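Novice: Count along the sequence shown from 1, then add 5; that gives the number in our numbering. Handing you a structure now.
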Amino acid sequence: MRYSVEIKKFLYSQYFYGGLRIAVGVSLPAVLCLVVFHQQELGFTIATGALGACVVDMPGPLKYKHNEMLACSVIGFLSALATGLATVNPVVLWCTVVPLTFVLSLIVVYGNRWPQISFATLFMMIMTLEDHFTPQQALVNASWILLGGLWYTYWATIVSRWMMHRIEQQALAESVFACADYLL
């Protein structure tokens with residue numbers, strides 16, 4: 006086995022490209038907030054929204070992927086806002102988190118990507134549980150999470166449209182290599 010060929014195949018594969026796109030899309034806002042504005046918490050909050058939206062970023066038609074990442078960002082905003090408003094009292098928090106978790110677990114019946122949307126929204130909700138927020142702070146925190154989700158949504162959409170033909174070539178190459186491995 007020639008390792009140079011395997012390394013080259015990996016570096017030109019859709020998996021490496023997708024991982025690089027996700028890593029840059031999630032970490033770029035956090036790094037900018039840390040380096041430029043010296044706001045570690047803000048960068049972490051924006052990266053939380055971006056990380057939630059990147060879970061939904063799977064191969065497929067760009068129109069559906071864009072709409073599903075937008076839905077994930079908006080539902081994540083609403084769940085983070087509801088959880089942030091409920092952090093003032095543990096009883097209210099329990100009465101908010103349990104039904105919200107139940108509802109978010111039920112939305113998996115709507116299609117192939119809805120389990121990922123449910124997971125991402127639950128992730129955004131869980132990341133909001135730690136701090137105690139006033140109503141204004143809860144709105145600001147949820148808005149930063151929404152901004153992170155929207156950032157990643159448009160980052161992935163722009164990069165995917167820019168590299169549309171390359172993504173198709175990578176998918177075809179993966180299929181050809183899989184057929185060749187099967188035949189050998």
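Beta carbons: idealized from backbone N, C-alpha and C, even for Gly. Keep in mind that this is a model prediction, so the values were computed, not measured.
Going by alpha carbons, who is nearest to residue 166 out of 67, 177, 61?
Specialist: Nearest option by C-alpha distance: 67.
Novice: For the putative contact between residue 153 and residue 64, defined by C-beta atoms under 8 Å, what is the C-beta separation to the nearest angstrom?
Specialist: At roughly 22 Å, the Cβ-Cβ gap does not stay under 8 Å, so residue 153 and residue 64 are not in contact.
Novice: In angstroms with no decimal places, state the Cα-to-Cα distance between residue 32 and residue 158.
Specialist: Each residue's alpha carbon lies about 14 Å from the other.
Novice: Out of 122, 113, 92, 109, point me to the one whose CA is closest to residue 137's CA.
Specialist: Comparing Cα positions, the closest option is 92.
Novice: Between residue 120 and chain D, is there a C-beta pair that is closer than 9 Å?
Specialist: No chain D is present in this structure, which holds just one protein chain.
Novice: Mind reading off the beta-carbon distance from residue 151 to residue 82? Whole number of angstroms is fine, and I expect it under 8 Å.
Specialist: Between residue 82 and residue 151 the Cβ distance is about 4 Å, and since that is below 8 Å, they are a contact.
Novice: Spatial neighbours of residue 162 within its chain, please: C-beta separation below 7 Å, excluding the five flanking residues on both sides.
Specialist: Once the five neighbours on either side are set aside, the close Cβ partners of residue 162 are 67, 71.
Novice: Assess contact between the segment 121–132 and the segment 168–182, defined as three or more Cβ pairs (one per stretch) separated by less than 8 Å. Is contact present?
Specialist: Verdict: no, contact absent.
Novice: Is the beta carbon of residue 38 sitting closer than 9 Å to the one on residue 25?
Specialist: No.
Novice: Applying the criterion that 16 or more other CB atoms from any shown protein chain within 10 Å of the CB defines a buried residue, is residue 169 buried or exposed?
Specialist: So residue 169 ends up on the exposed side.
Novice: By the 10 Å Cβ neighbour count, where 16 or more other Cβ atoms means buried, how is residue 116 classified, buried or exposed?
Specialist: Label assigned to residue 116: exposed.
Novice: Just to confirm my understanding: we take residue 59, look at its own chain, exclude 5 residues before and 5 after, and list those with CB closer than 7 Å. What are they?
Specialist: 27, 30, 31, 157, listed in sequence order.
Novice: So what's residue 170 in DSSP terms, helix, strand or just coil?
Specialist: It is helical.
Novice: According to DSSP, is residue 63 helix, strand or coil?
Specialist: Note: residue 63 maps to coil in three-state DSSP.
Novice: Pull up the CB-CB distance for residue 76 and residue 105, whole angstroms please, since I reckon it's below 8 Å.
Specialist: About 16 Å; that fails the 8 Å criterion.
Novice: Give every residue of the same chain whose Cβ lies closer than 7 Å to the Cβ of residue 45, excluding the five residues on either side of it in the sequence, and list them in chain order.
Specialist: Only 39 meet the Cβ criterion.
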